[in-house]
Amino acid sequence: MAKISVQQLNFFYGSKQVLADISLEIEDRKIMALIGPSGCGKSTFLRCLNRMNDTIAGARVEGKILLDGENILAPTLDVTRLRARVGMVFQRPNPFPQSVFDNVAFGPRILNTHKPKELPALVEASLRQVGLWNEVRDQLKQDALHLSLGQQQRLCIARALAVQPEALLMDEPCSALDPQATLEIEELMRTLREKYCIVIVTHNMQQAARVSDRTGFFWLGKMVEEDATAALFTRPRHTLTENYITGRAG
Amino acid sequence: MPRDLFEHELEQLQDEMLTMARAIEDALTASVAILARRDMDGARALIARDRAINQQRFDIEAQCLVVVATQQPMASDLRIIAAILFNVNELERIGDYAKGIAKINLRIPPGPLLEPLEHLPRMAEKTREMLHRALDAFVRRDVTLARAIPREDDQVDALFEQVNQALLRLIIADSSVTEQANLLMWAAHNLERAADRVTNLCERTIFTVTGEFVELDTKEPAQPE
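Protein chains in written order, with my numbering: chain A, 1 to 250; chain B, 1001 to 1225.
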């Protein structure tokens, strides 16, 4: 069974439909990349997966999104708990104006998942998972904004991991990073893939080709094609996909 | 058009591959003509021209790598470049077969050949013509033609067999001609192998258009060149 099963999803901003009849199976311990031109709906789709669009006035969603078989669009669902299970990493690193330690401990404290004395071990484990521990172990009490952008982004990933999620959503996580920091995040994604289901939205098609197992191509709110990444980038089935990935459309 | 420069670079790669192929077509028929008229200078000149062909192949490979690095091609663009990289290697090998025939000419002592070489020029011409149309099929992305050409390889194989039989009869009749007959068999073998490689070019045309790897001819090579 897929970790996340999206079934006939439609999404509207007021009267404007931005996602139309999207169905997609996302497997556990795999990386799914979503590509497409700006405004095609891929980020809106990503934000549906942990109901980040709920706060937008006039937003309306139809269809089903099953996480381990449970419909996360059900009105009775605990959204805070959902966002712990399905973490999110954004385009620009967005550490809180707090220390490195407090950033990672933020979620567990809010959700009250760990006792205070357990937090140092959890913070260390989370920072180790993102390969940041050795770089910041002596700066845990320092302001997180003192870190480099690449380190900040890995800190944000550690913050998402600290609440022990099952899936990670990444919305262009490298768009603000230099090439070296980008490669570090990509390497980290490959490591995290062993434990988590990851969905990444990216404008960088080479990045999608490098890191993902499967890729979905969005165009004007529809999913035109979804396939194994190696197949989609070498022999796409649809002309629209071909034109987009060869730079002749979009 | 958002990718004018890239389109231009792809066309240029293809044009240079065609230029290389034309030189090899010429070398195929010239190698047999030179052998037939026992033209030693012509053989040496053909061998020298093969060095230029080899250099063309490296130049095209280098240009392919630059285009890959700078344009990051995907999908059909990527397949075109992959096919060109493969094809120039195959073409270079076909060029080597022509060079091999020139070398055979140099190894046979001066004087007339054992028999009038009626089948060898026909083999060379048929192979040249198949090569020419195989590259047309690539340029036109014509899968139907690419599938049809390898079926004509039987004609080259039949000529090869006739050459071998004729030379064997001469050896049986007079064993003193064995060395020259053997060398002429190798000349025919080179043409037969060249035609086999045309099949590989056709397979790449199908790959370029469809993304599918197909094997059009499973015949194993008789012997190394």
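Note that beta-carbon positions come from the ideal geometry of N, C-alpha and C, so glycine has one too. This structure is a prediction, so every number in the text was calculated from the model and none was measured.
When 9 Å is used as the limit between beta carbons, Leu1078 (chain B) is near these residues of chain A: Phe233, Thr234 and Thr246, in chain order. Rounded to whole angstroms, Ile1104 (chain B) and Ala1187 (chain B) show a C-alpha spacing of 7 Å. When Cβ-Cβ separations below 7 Å define contact, Ala1158 (chain B) makes no contact with chain A.
Using a Cβ-Cβ cut-off of 7 Å, Gln151 (chain A) does not count as an interface residue toward chain B, since no Cβ of chain B sits closer than that to its own. Looking at A:Val6, A:Tyr13, A:Ala33 and A:Gln8, the one whose alpha-carbon comes closest to that of Gly216 (chain A) is A:Ala33. The stretch 1139-1155 of chain B makes no contact with the stretch 1033-1046 of chain B; the number of CB pairs closer than 8 Å stays below 3. The beta-bridge partner set that DSSP reports for Cys197 (chain A) consists of A:Ala167. If only uninterrupted alpha helix (DSSP H) runs of at least 4 residues are considered, those enclosed by the stretch 1056-1125 of chain B are 1075-1107. A distance below 7 Å between beta-carbons, with the five flanking residues on each side excluded, links Glu172 (chain A) to the following residues of its chain, in chain order: Gln91, Val201, Thr202 and His203. Secondary structure note for Ser5 (chain A): its beta strand (DSSP E) is the uninterrupted segment Ile4 to Tyr13. Straight through space, the alpha carbons of Met1185 (chain B) and Val1163 (chain B) are spaced by roughly 7 Å. Beyond the five residues adjoining it in sequence on each side, Ala1166 (chain B) comes within less than 8 Å, by CB distance, of Glu1115 and His1119 in the same chain, given in chain order. In the DSSP annotation of this structure, the continuous segment of the alpha helix (DSSP H) that includes Thr241 (chain A) starts and ends at Thr239 to Ile245. An exposed status is given to Asn112 (chain A), since fewer than 16 other beta-carbon atoms sit within 10 Å of its beta-carbon. Listed along chain B are Met1074, each with a C-beta nearer than 7 Å to that of Met205 (chain A). Chain B places a beta carbon closer than 7 Å to that of Glu242 (chain A), counting this residue as a contact.
Put simply, the stretch 1190-1202 of chain B touches the stretch 1139-1159 of chain B. At least three CB pairs are less than 8 Å apart. Taking 7 Å as the cut-off, the Cβ atoms of Gly247 (chain A) and Arg1003 (chain B) count as close. Under DSSP, Asn71 (chain A) takes part in a beta bridge, and its partners are A:Leu66. Interface annotation, Arg1003 (chain B): in contact with chain A, CB-CB separation under 7 Å.
CA-to-CA, the gap between Val123 (chain A) and Ala2 (chain A) works out to about 30 Å.
Ile1081 (chain B) counts as buried, since at least 16 other C-beta atoms from the protein chains shown sit within 10 angstroms of its C-beta. Within chain A, the residues whose beta carbon sits less than 7 Å from that of Gly1211 (chain B) are Thr234 and Arg235, listed in sequence order. Boundaries of the beta strand (DSSP E) harbouring Glu25 (chain A): Lys16 to Ile26, taken from the DSSP string. Secondary-structure assignment with DSSP links Ile31 (chain A) through a beta bridge to A:Ile198.
A distance below 6 Å between beta-carbons, with the five flanking residues on each side excluded, links Lys141 (chain A) to the following residues of its chain, in chain order: Ser99. The Cβ atoms of Leu1201 (chain B) and Ala1134 (chain B) sit closer than 7 Å to each other. Ranked by Cα distance from Phe96 (chain A), the first of A:His146, A:Leu119 and A:Arg81 is A:His146. In this model, Met52 (chain A) and Gly36 (chain A) are separated by some 20 Å (Cα to Cα). A straight line joining the alpha-carbon of Leu183 (chain A) with that of Ala176 (chain A) spans about 13 Å. If you draw a 10 Å sphere on the C-beta of Gly69 (chain A), you find fewer than 16 other C-beta atoms in it, and that means exposed. Between the stretch 1023-1041 of chain B and the stretch 1094-1104 of chain B, the count of C-beta pairs closer than 8 Å reaches three or more; the two stretches touch. Secondary structure note for Phe217 (chain A): its beta strand (DSSP E) is the uninterrupted segment Arg214 to Trp219. The C-beta distance from Val61 (chain A) to Cys40 (chain A) rounds to 17 Å, too long to fall under 8 Å, and the pair is not in contact.
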